[in-house]
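Count the sequence shown with this note's numbering and you get residues 31 to 417, in order.
Have a look at the structure below, then the notes.
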Amino acid sequence: MEWIFWICLAGVVYAYFGYPLLLLLVNGLLARLRPARPARFQPGEAPPVTLLIPAHNEAAVIGNKLENCLALEYPGELEVLVVSDGSSDATVDIVQQYGRRDSRLRLIVLEERKGKANALNVGLEQARGEILVFSDASILLDPGAVWEIVRPFADPRIGCVSGEDHIEGGGGEGLYGRYELFLRNQESRYGSIVGASGSFYAQRRGLVTPFLEGFAPDFLSVLNTVEQGYRAISLPEAFGFMRALSSTRDEFQRKVRTLIRGYTALFRKASLLNPLRAPLFAFFLFSHKLMRWLVPLFLLGLLMSNLFLLDRPFYLFTFVAQLLFYGAAFLAWRGVARVEANPLGRIALYFTAVNLAILVAWLRYLRGVRQEIWTPSKRVPGGGETP
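Shown next, in the form of structure tokens:
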């Protein structure tokens with residue numbers, strides 16, 4: 031049992047701490063060999079852009095979203111294209127009102143709800159831009175965000191660029207988001223990110239392949255980009271603001287849906303895990319995605335193996351520490367004020383909820399469940415404020 035304990039502990043430590051440290055080490059070595067000199071478009075070179083927004087029953091946030099989009103500072107041609115996916119609320123009416131005021135805004139109305147992938151594919155057929163920027167209705171972009179996310183496409187090797195989500199009032203969600211952004215920025219320096227922000231990312235028109243329902247569009251876009259020989263990067267200068275989900279239950283359900291789509295996409299593109307094909311990206315994909323998705327199994331193995339080692343003080347300590355950690359998560363979930371207000375309590379809750387979601391998603395995926403129909407996460411109306 032002792033070897034199981036240490037293998038499981040090593041798996042958890044590598045996924046959350048070892049991989050980031052290796053990234054820093056690899057980037058430090060590469061920086062000495064070939065300093066990064068990224069190319070950027072200048073204002074007179076700005077290509078035509080389509081900002082594509084799929085929407086299903088987004089009446090609570092779509093007005094603020096359109097105000098935000100139409101005020102963006104982009105030095106070239108900008109088209110804002112909203113695709114309503116069978117909305118039954120006032121989404122269409124609100125978009126039409128804005129469309130009468132600004133000719134840059136176009137609306138496509140799909141009477142029947144068929145899912146996000148179908149909405150995106152319909153939008154692709156109508157989009158006019160050379161660069162496609164994908165954005166959810168729930169995120170408000172910094173005024174210069176679209177220009178910043180487009181500028182790196184001056185480098186012909188860049189095929190996909192991810193923006194950054196700044197989550198307001200997120201507690202554990204916000205901390206986890208910052209951790210993910212750190213990993214993306216490190217992966218971007220000399221390689222490719224393994225996942226883009228689903229709320230805000232851009233891709234070359236010529237690299238976009240039809241989206242498939244049941245697949246995570248942002249993850250699949252990155253995998254397709256790398257598969258075609260281009261790089262996908264993250265850009266801190268391109269950012270937007272989102273509010274945290276209103277409850278841990280909402281975040282849990284969103285995570286499960288996203289994970290099932292992620293598993294589906296990864297196994298469709300499993301050849302990218304082959305280190306002989308693209309060694310650096312295969313290392314990133316294995317460490318960032320696959321190892322992270324195995325952490326719940328490591329945690330279960332760690333706890334169960336620890337039960338058989340309680341006759342030694344060290345293992346008694348590690349067992350009690352695990353129980354205290356999960357106990358803090360439970361108390362924070364139950365809303366015990368002292369624990370919920372403590373940053374460590376919120377971290378314990380979010381970490382536990384994320385890994386439980388990964389485990390639930392695995393169980394559903396292995397049973398053949400696929401997340402076919404897109405259900406947008408309902409965040410606080412307004413999605414945050416741009417400063």
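A virtual CB, placed ideally from N, CA and C, is assigned to each residue, including glycine.
Computed from a prediction, not measured in an experiment: that's the story for all the values here.
Residue i and residue j look like a contact to me (Cβ under 8 Å); what is the Cβ gap, rounded to whole Å?
i	j	result
V180	A101	The Cβ separation is near 17 Å, so there is no contact.
C190	A90	Not confirmed; about 30 Å, so no contact.
F311	V256	5 Å
F314	V399	Not really, about 28 Å apart at Cβ, beyond 8 Å.
E194	M272	With a Cβ gap of about 10 Å, E194 and M272 do not count as contacting.
L332	F35	6 Å
V286	A387	5 Å
Q352	N372	Wrong, their Cβ atoms sit about 18 Å apart, outside the cutoff.
S264	S165	The Cβ separation is near 16 Å, so there is no contact.
P68	P182	6 Å
I169	F230	6 Å
R356	Y206	Sequence check: residue 356 is Tyr here, not Arg. About 17 Å separates the two Cβ atoms, so there is no contact after all.
W178	E267	It is worth fixing the name first, because residue 178 is Glu in this sequence and not Trp. With 8 Å as the limit, E178 and E267 qualify as a contact, their Cβ atoms being about 4 Å apart.
Residues bridged to residue i by DSSP?
i	result
A262	C190
I161	V79 and R234
G292	BP columns for G292 are empty, so no partner.
S114	A85 and V139
I37	I37 pairs with nothing; no bridge assigned.
L170	F271
L195	Contrary to the premise, residue 195 reads as Asp rather than Leu in this sequence. DSSP output for D195 lists G270 as bridge partner(s).
Just verifying my parser: in three-state terms, what is the DSSP assignment at residue i?
i	result
Y46	helix
P84	strand
D119	coil
M31	coil
G153	helix
G1	This structure leaves residue 1 out entirely; the chain is present only between 31 and 417.
L307	At residue 307 the sequence reads Arg, which differs from the Leu that was named. Coil, per DSSP.
N148	helix
E243	coil
D185	coil
A226	coil
A359	helix
G129	helix
P343	helix
P326	helix
P411	Legend: pLDDT at P411 = 42, less than 50; position of this residue unreliable, value from coordinates given subsequently. It is coil, neither helix nor strand.
V366	coil
A300	helix
R70	coil
R134	coil
R219	coil
V384	helix
V399	coil
N372	coil
F282	helix
From residue i to residue j, what distance separates their C-alpha atoms?
i	j	result
G116	P247	19 Å
L354	Y49	26 Å
V76	G153	Reading off the sequence shown, one finds Ala at residue 76, where the question assumed Val. Taking the straight line from one Cα to the other gives about 22 Å.
V42	L329	7 Å
E155	K299	24 Å
A359	D280	16 Å
V238	F338	52 Å
K319	S227	14 Å
G93	D123	10 Å
N254	R307	14 Å
E88	F269	21 Å
E142	L150	14 Å
Q127	Q258	40 Å
P78	A45	40 Å
G413	K95	For G413, the predicted structure reports a pLDDT of 38, less than 50, and the residue's modelled location is therefore unreliable. A value from the coordinates is still provided. Approximately 8 Å between the Cα atoms of the pair.
P427	R235	Within the shown structure, residues of the chain are numbered from 31 to 417, placing residue 427 beyond reach of any answer.
G221	A184	17 Å
R364	A61	47 Å
A295	V252	10 Å
L242	K146	9 Å
L327	T348	17 Å
M334	F297	29 Å
I427	C99	A query on residue 427 cannot be resolved here, the shown segment of the chain reaching from 31 to 417 and no further.
P417	E217	Summary for P417: the model assigns pLDDT 23, below 50, so the residue's position carries little reliability; its value from the coordinates is reported in the next sentence. Approximately 28 Å, taken between the alpha carbons.
F282	L63	43 Å
E103	L162	16 Å
R376	C38	24 Å
A378	L302	33 Å
P305	L59	20 Å
A40	R342	20 Å
P411	S118	Low confidence applies here, because P411 scores a pLDDT of 42, under 50, leaving its location unreliable and the question unanswered by this model.
Pairing CB atoms from the region 107-125 with CB atoms from the region 72-82, are three or more of them under 8 Å?
-> yes
Are the region 43-63 and the region 213-223 touching, with three or more C-beta to C-beta distances below 8 Å?
-> yes
Is the region 379-394 close to the region 314-334, with three or more CB pairs under 8 Å?
-> Touching, yes, given that three or more Cβ pairs across the two stretches are closer than 8 Å.
Are three or more beta carbon pairs between the region 241-255 and the region 279-298 nearer than 8 Å?
-> yes
Okay, do the region 126-145 and the region 159-173 touch, 3+ Cβ pairs below 8 Å being the bar?
-> With a cut-off of 8 Å, the region 159-173 and the region 126-145 do not count as touching, because too few Cβ pairs lie within range.
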